[in-house]
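Residue numbers (this note's numbering), protein chains in the order written: chain A, 1 to 205; chain B, 206 to 472.
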């Protein structure tokens, strides 16, 4: 696991500045919590860090190397973004996992997402049910377990427990402890529990 | 068996008179269709007459450059129509459909005349131009349906594409389900017509040949040939245009850029 850094990130959408000159540094194992009002660009910041959305300016590095050097596909795999409302894919979570296993990108050995999610009260049988029949909380746990099983250097999590009850939230937080990660959360309790660092976005500026 | 019956203008007029019945019905039932009906009737007379007038000297001239120019114009018009029929677009769309139709319709039509019918010379306009026309007409439908589905899926389900990109998928890997579904959408019309042809419908080309005096079995054989050429061209054209669309909406870093898709959701 390596040091994750971002310097001078900026992004505007239609002449509206969402964030300007944002920098962050994460030593291995550290967690940063991003807060800010809705529409302040938190999700776009995470997607920018993940290499899923373009940034207007800024430098990203992992262990001192940028995404161009590492390769964008590799970068996204190592700096892995999980959205707040995981998509309803066709097929089942198991089939989605099979697609991930079949990807050509170089990567670490994969873990077992079913075992991970079992610790969050998501039974193995859920993985064989279609995404379209899963609840928001089930989808969220399946997507998160899939991401954890890929063992990325950095996890970028957009409200990872927004659809989970207290028990499952606690279990997820426990599994994520010690992972280099950036979280968006509206839950102040969670922010206090998870974050060594804080980043406040937006406001009226 | 008698040869084709030469049609005189009064016979066309008699057929057109039947459309007047529709016009009368439209007026009687206040459907408001009579103007459209009149315009469409006049258009079909003018356009088809023009086609006949243009084709006569082209067939007679036997000039390969002239045939080439007409074929290129046909491909150009068809590619514009294919791009316009899709409800969503992307930068360079007309260029992509042009390339797709040149590759697919162009190669299958030439293959049809040169290698299968073995017409000599292979560009003999009496064969090449109608064949290309049939292939283009169907190919452009396949391409526009395929592109429409492809862009719609990438636009509406960008979250699915992003979710697999996040795991390090290449654009091709991430778009694979979309490409497969779009290709299926593009092929469905021709597959449907291949499975009901002769049972429910007698295709226009075969009808024309039979009326023109060709023995039915021979007309059926021609129809098979043209159907297979159309199916091949439609599949190839849809595949090429869909791949070009996918290339256009992903950027150099392999990110999906849905803002490059223009269309109903972002007028």
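In this text, a Cβ means the ideal position worked out from N, Cα and C, and glycines have one as well.
8 Å CB neighbourhood of residue i in its chain, flanking five on each side removed
| i | result |
| --- | --- |
| residue 172 of chain A | 120, 141, 144, 160, 161 and 164 |
| residue 70 of chain A | 62 and 78 |
| residue 258 of chain B | none |
| residue 378 of chain B | 369 |
| residue 462 of chain B | 454, 455 and 456 |
| residue 176 of chain B | Limits of chain B in this structure are 206 at one end and 472 at the other, which puts residue 176 of chain B out of reach. |
| residue 170 of chain A | none |
| residue 118 of chain A | 124 |
Chain-order list of residues whose beta-carbon lies under 6 Å from that of residue i (same chain, five-residue window excluded)
| i | result |
| --- | --- |
| residue 35 of chain A | 200 |
| residue 254 of chain B | none |
| residue 272 of chain B | 328 and 330 |
| residue 209 of chain A | Beyond the ends of chain A as shown, which are 1 and 205, falls residue 209 of chain A; an answer cannot be given. |
| residue 130 of chain A | 92 |
| residue 137 of chain A | 163 and 164 |
Beta-carbon contacts of residue i that lie in its chain and below 7 Å, excluding the five residues immediately before and after
| i | result |
| --- | --- |
| residue 444 of chain B | 388 |
| residue 383 of chain B | 355, 358 and 359 |
| residue 346 of chain B | 394 |
| residue 337 of chain B | 276, 279, 310 and 314 |
As assigned by DSSP and simplified to three states, the class of residue i
| i | result |
| --- | --- |
| residue 5 of chain A | strand |
| residue 467 of chain B | strand |
| residue 294 of chain B | strand |
| residue 383 of chain B | helix |
| residue 187 of chain A | coil |
| residue 13 of chain A | strand |
| residue 50 of chain A | helix |
| residue 229 of chain B | helix |
| residue 179 of chain A | coil |
| residue 230 of chain A | This structure cannot speak to residue 230 of chain A, because chain A is shown only from 1 to 205. |
| residue 352 of chain B | helix |
| residue 195 of chain A | coil |
| residue 242 of chain B | helix |
| residue 234 of chain B | coil |
| residue 324 of chain B | coil |
| residue 158 of chain A | strand |
| residue 219 of chain B | helix |
| residue 359 of chain B | helix |
| residue 206 of chain B | Any reading at residue 206 of chain B is ruled out, since the residue's pLDDT is 47, under 50, leaving its predicted position unreliable. |
| residue 63 of chain A | coil |
| residue 344 of chain B | helix |
| residue 58 of chain A | strand |
| residue 201 of chain A | coil |
| residue 18 of chain A | strand |
| residue 213 of chain B | coil |
CB contact flag (residue i, residue j, <7 Å)
| i | j | result |
| --- | --- | --- |
| residue 52 of chain A | residue 19 of chain A | no |
| residue 341 of chain B | residue 310 of chain B | yes |
| residue 468 of chain B | residue 292 of chain B | yes |
| residue 206 of chain A | residue 180 of chain A | The requested residue 206 of chain A does not occur in the structure, where chain A is confined to residues 1 to 205. |
| residue 231 of chain B | residue 239 of chain B | yes |
| residue 275 of chain B | residue 339 of chain B | no |
| residue 411 of chain B | residue 423 of chain B | no |
| residue 202 of chain A | residue 37 of chain A | yes |
| residue 27 of chain A | residue 65 of chain A | no |
| residue 287 of chain B | residue 348 of chain B | yes |
| residue 449 of chain B | residue 301 of chain B | yes |
| residue 127 of chain A | residue 94 of chain A | yes |
| residue 317 of chain B | residue 441 of chain B | no |
| residue 110 of chain A | residue 124 of chain A | no |
| residue 183 of chain A | residue 157 of chain A | yes |
| residue 229 of chain B | residue 242 of chain B | no |
| residue 60 of chain A | residue 6 of chain A | yes |
| residue 343 of chain B | residue 439 of chain B | yes |
| residue 151 of chain A | residue 108 of chain A | yes |
| residue 295 of chain B | residue 466 of chain B | yes |
| residue 192 of chain A | residue 185 of chain A | no |
| residue 451 of chain B | residue 385 of chain B | no |
Interface residues of chain D facing residue i [CB-CB closer than 8 Å]
| i | result |
| --- | --- |
| residue 72 of chain A | Within the model displayed, chain D is absent; protein chains A and B are what it includes. |
Any non-hydrogen atom of the ligand HEM within 6 Å of residue i CB
| i | result |
| --- | --- |
| residue 466 of chain B | Looking for the ligand HEM in the displayed structure turns up nothing, as the structure carries no ligands at all. |
Indicate whether the contact test is met: 3 or more Cβ pairs, each with one atom in the stretch 19-38 of chain A and one in the stretch 191-204 of chain A, closer than 8 Å.
-> yes
Along the chain, which unbroken stretches of the alpha helix (DSSP H) at least 4 residues long are found entirely within the stretch 20-47 of chain A?
-> The qualifying runs do not exist here; there are none.
Report yes or no: do three or more beta-carbon pairs, one from the stretch 81-101 of chain A and one from the stretch 356-370 of chain B, lie closer than 8 Å?
-> yes
If you pair each beta-carbon of the stretch 39-51 of chain A with each one of the stretch 207-218 of chain B, do three or more pairs fall below 8 Å?
-> Counting Cβ pairs under 8 Å, fewer than three are found: no touch.
Is there contact between the stretch 454-465 of chain B and the stretch 391-407 of chain B, where contact requires at least three CB pairs shorter than 8 Å?
-> no
How do the stretch 414-430 of chain B and the stretch 369-381 of chain B stand: do at least 3 beta-carbon pairs fall below 8 Å, yes or no?
-> no
Entirely enclosed alpha helix (DSSP H) segments - the stretch 81-131 of chain A, minimum 4 residues = Runs found: 93-101 and 113-118.
Continuous alpha helix (DSSP H) assignments of at least 4 residues falling wholly in the stretch 387-461 of chain B = 409-416 and 421-454
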